[in-house]
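Residue 6 is where the sequence shown starts when you use the numbering used here, and the numbers rise one by one after that.
Yeah, the Cβ is synthetic: ideal placement off N, Cα and C, and Gly gets one too.
If you're wondering where the values come from, they're calculated on a predicted model, not measured in any experiment.
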Amino acid sequence: MKLISFACIMIALAAFSSIIQAQNSCSPPIEITQNQAVESEEALEQYYRDRERGLLYGHEESLKKAVQYFREKFNKEKEFQSLNALADYYIFTKQVRDSRIALLKSRTLAEEENNPEWQAIVLMLWANLELSVETSDRLSNPIDIYQQALTRSKQVNNVLLEAQIENNILQAKFITNANNNLKTSKPDFESVWNTIQRLQDSKTDTAKQAVKFGFLAINHRDSEIQFLGEKALKFAKDVLKDKPEDESYAYAHGYLGVLYLKQHKLNKAKTLLNEAIFFTRQQNKSITLLYYWYWQLAKLHIEQGDTEQAKHFYNIAIKYLKPVRRAMFNIFPSYQLKMLPKDDDLFKEYADLLLKQAEKQTDREEQQKLLLAALNAIEQLKSTKLQNYFEDECVADLSNEINAKTLPTILSTDSIAFYPIIFEDRIVLLLAGISKQDGKSIYLSQTIVSKQQIQDELGKLAKRPGFDIRSVDMLLEKFGKMLKEKPNSTHGQIWFFSKYLPVSKALYQLLIEPIFNKISGISILVIVPNEKLSTIPFAALYGRGEGELIRTHAIVSAINLGLIEPSKLLINNKFLFGGLSEKQGNYMPLGYVKLLHNALKNKQFYGMGKRSFLNQNFIQDNLRNTLSAQKYGIIHIATHAEFGSTLSSRFLVAYQDNILMDKFEAMMRNKIDKKPINLLVLSACNTATSDENAMLGLAGVAIKARASSVLGSLWEVQAKETAELMENFYDNLLDNKTINSKAVAWQQTQVKYLNNNTGLQKNPYYWAGFILIGSW
């Protein structure tokens, strides 16, 4: 790999030097107290102690004071350490710009002292920072920077630093999937293992690096590399045999248990996992993964066929997971969170177990209890995905448990909740509704689509040329790609009947036909989809004689049923419109925005008034000031929106600037009327780009911005058709004499479009791209 010079790698930071100079000249000096010497020494130690426990916040000012104190005392080593701690703090708290500024100052010290060890440390922190941000926001390749840091560390023969950097390289490759080739990955692992065996530092530091290496190795697919991981974890156990209070001792036992469980060595796994639980209980610092050891015990008991014990351990795992999730977001930076076990799998596995037990249960009351418990496990799964996406435990705090009391406050006899869940061996179609007999009793049912039924349906498609579809996931991907293709001369009747219709019908047969009789006669289908099911519009599924599902049911999606706040249609009818029709940077003009703006100017929202900001008036200050001064029931934002995986990559495109989503959400929360708005519409290209994360982003905006419902686009929308759909939708909303539901209003909008158009214009690309999320 070509190494980049220290100066070249850090040159990107130099762009911030003018900012720093401005801060140094304009910012008032931080006041230094008489006890600053002691406080500064303690600030560093306290920061790293607290960081291990997830207590991050409140350290910024003390670290800044430490930096200034040591600078004024000309203690460059302590100043360097303080700057690195401050940069580390900013990495953990996702303050990218401030972290780069701190690293630039730290780099300057390393260069002035011509100290290769310091330079290696700065490079390692810089690589950590680059790994924590979106790929598109990176100034350099983190793996390249780690390699340069490694070269510097070898110049001073700092073996512990070498091991840390080499482990970080493996971790970076693991995260970025850059190390899938066995020929290149095995030597990498062997090299790190050799370095760890050379360590002569403290037992704690040595074991920590061995455990980190072991975790990475046992999660590799190659058995020889897993064997290296096993050796490393046994090595860590041996190193710490007289220090059982060290957290790495518990981790070594637990990860060995996980490896043996994978290898079906169940007795060994059980012993080690129980030992990991014992040692973890003695160590408050490692309590974070206690849930994980119980989770693995649950899986072990499933392999042994003891489902009752498995259920017991799943419940304990979930009990321990809840209180540590907030700490996990603080203890681990975002790039390390990707390395942790996917805790949403815990809830899916638990739901799988409960649903299988319910299938075998003959007592109806017990069956209903099991189904309700499974439904709540899926609800927790969905909440967890939302929290993981935003790295914010609070985003789903308002979610209610679904039970006999709460469900009738969310659903009515005219609506039903539908949870389609894809497992490896089957599809489960879980329904929850309200009895029409008394209007308050709840009922649940599950319909199983077996593996054989799935294979039969896919087999029908396989007989057609060009349909090499071997799984439901592949079928969903195929459907999604078809929907996003803009129709052209090849998308005529032949394409519709020979390509699109077979895929749409296959999905209908797997997801809707098995429950059609159970949902017949119910107006509103509330879909709580998971994974790839979140990326398709169910409205476009083509089935029985009437055609598209939207013709028989109004459809609304929910990220989590327990988060829905029921709201009457148009509680507050004042209307705010903002958007861009002009080109902004790399974002193309949105031709429909002016058409829609002009059409909506004449709409009478019950005479309560409306406000609009178009093009140069669509700026952050105008939105903030208006929302803080006026009450609005409907807010329509017609601009490009992005939903990336970091705060900086989630934004609305405004005039000559972007409005970060967290800023927009704060505007919505801080508006003069503290009640949720009735409807938020985000109509633009790429509002949600047909992957699950984007859908989580769309729903998350509604939750964090306190909007009862959000209507957003799944793919690039077209000008004329979008203007037509939106104008008809608002006409339907205003017609509250015959329509009292947003979902029904949107259903009638889509059906009217289908009835009024012919040929290519009936392609779902034009009308199915919007999805309603939230209350209906």
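Can you check which of these residues, the options, is closest to residue i by C-alpha distance?
{"i": "K583", "options": "I532, V197, L271, I642", "result": "It should be pointed out that residue 583 corresponds to Gly in this sequence rather than to Lys. Cα-wise, what sits closest to G583 is I642."}
{"i": "P534", "options": "Y394, K510, V433, V127", "result": "V433"}
{"i": "D626", "options": "L595, H602, L665, S104", "result": "L665"}
{"i": "N408", "options": "N163, L376, A107", "result": "L376"}
{"i": "N760", "options": "G552, D662, P681", "result": "G552"}
{"i": "S297", "options": "L777, K347, W198", "result": "For the record, residue 297 in the displayed sequence is Tyr; it is not Ser. When each option's Cα is compared against that of Y297, the closest is K347."}
{"i": "S145", "options": "K365, P470, R105", "result": "R105"}
{"i": "L266", "options": "A237, E308, K236", "result": "E308"}
{"i": "K489", "options": "A545, I520, R286, Q498", "result": "A545"}
{"i": "T209", "options": "F179, F472, D247, K441", "result": "D247"}
{"i": "I148", "options": "T540, V263, N172", "result": "N172"}
{"i": "Y5", "options": "G702, K579, L68, T98", "result": "No answer is possible for residue 5: it lies beyond the span of the chain, which begins at 6 and ends at 781."}
{"i": "Q621", "options": "T418, G590, L585, I170", "result": "L585"}
{"i": "V561", "options": "L130, L730, Y770, S713", "result": "S713"}
{"i": "Q205", "options": "N224, K178, Q231, L166", "result": "L166"}
{"i": "L134", "options": "L108, L530, T156, Q124", "result": "L108"}
{"i": "R549", "options": "P542, E84, D357, L506", "result": "L506"}
{"i": "L632", "options": "A604, F669, L601", "result": "F669"}
{"i": "K504", "options": "D473, K410, P519, I517", "result": "D473"}
Could you tell me if residue i is buried or exposed, where buried requires 16 or more neighbouring beta carbons within 10 angstroms of its beta carbon?
{"i": "G764", "result": "exposed"}
{"i": "K390", "result": "buried"}
{"i": "A634", "result": "exposed"}
{"i": "D461", "result": "exposed"}
{"i": "G234", "result": "buried"}
{"i": "E354", "result": "buried"}
{"i": "S87", "result": "buried"}
{"i": "L114", "result": "buried"}
{"i": "F79", "result": "exposed"}
{"i": "A467", "result": "exposed"}
{"i": "T367", "result": "exposed"}
{"i": "N768", "result": "buried"}
Under 8 angstroms Cβ to Cβ from residue i, same chain only, skipping five residues before and after it: list those, please.
{"i": "P192", "result": "none"}
{"i": "A378", "result": "L359"}
{"i": "I37", "result": "Caution applies to I37, whose pLDDT of 39 falls short of 50 and renders its modelled position unreliable; the model cannot decide the point."}
{"i": "L777", "result": "I560, V561, S562, S714, V715, L716, K747, A748, W751"}
{"i": "I25", "result": "Caution is warranted here: a pLDDT of 33 is assigned to I25, below 50, making its placement in the model unreliable, and the coordinate value is therefore given only provisionally. For I25, where only same-chain residues beyond five positions count, the Cβ hits under 8 angstroms are I106, L109, K110."}
Per DSSP, which one or two residues make a beta bridge with residue i?
{"i": "I447", "result": "I439"}
{"i": "E647", "result": "F656"}
{"i": "Q589", "result": "Y592"}
{"i": "F618", "result": "G583"}
{"i": "A634", "result": "DSSP lists no partner for A634."}
{"i": "A90", "result": "BP columns for A90 are empty, so no partner."}
{"i": "N663", "result": "V658"}
{"i": "I682", "result": "A712"}
{"i": "H602", "result": "For H602, which the question treats as bridged, DSSP gives no partner whatsoever."}
{"i": "T452", "result": "L434"}
{"i": "Y547", "result": "E553"}
Can you list, in chain order, the residues of its chain whose CB lies under 6 angstroms from that of residue i, leaving out five sequence neighbours each side?
{"i": "K445", "result": "P413"}
{"i": "L581", "result": "R616, Y637, I640"}
{"i": "V216", "result": "A241, S253, Y256, A257"}
{"i": "Q160", "result": "P121"}
{"i": "L128", "result": "I150, Q153, A154"}
{"i": "G259", "result": "A281, W298"}
{"i": "V329", "result": "T293"}
{"i": "N565", "result": "E384, K387, S388, S404"}
{"i": "I624", "result": "A659, Y660"}
Please report the straight-line C-alpha distance between residue i and residue j, rounded to a whole angstrom.
{"i": "N381", "j": "E77", "result": "58 angstroms"}
{"i": "Q73", "j": "E587", "result": "47 angstroms"}
{"i": "I421", "j": "K213", "result": "51 angstroms"}
{"i": "Q268", "j": "S228", "result": "10 angstroms"}
{"i": "I96", "j": "N89", "result": "10 angstroms"}
{"i": "V477", "j": "R629", "result": "45 angstroms"}
{"i": "E66", "j": "L49", "result": "12 angstroms"}
{"i": "W500", "j": "K483", "result": "14 angstroms"}
{"i": "A437", "j": "L538", "result": "18 angstroms"}
{"i": "K486", "j": "L595", "result": "22 angstroms"}
{"i": "Y611", "j": "N737", "result": "Because the pLDDT at Y611 is just 47, under 50, the model does not fix this residue reliably, and the value given afterwards should be weighed accordingly. Taking the straight line joining both Cα atoms gives about 13 angstroms."}
{"i": "E250", "j": "D103", "result": "36 angstroms"}
{"i": "D311", "j": "R203", "result": "44 angstroms"}
Nearest chain B C-beta to residue i closer than 8 angstroms, yes or no?
{"i": "A107", "result": "Judged by its chain identifiers, the structure shown contains no chain B, having just a single protein chain."}
Grab me the residues of residue i's own chain with a C-beta within less than 7 angstroms of its C-beta, minus the 5 sequence neighbours each way, in chain order.
{"i": "A303", "result": "A315, F318, Y319, A322"}
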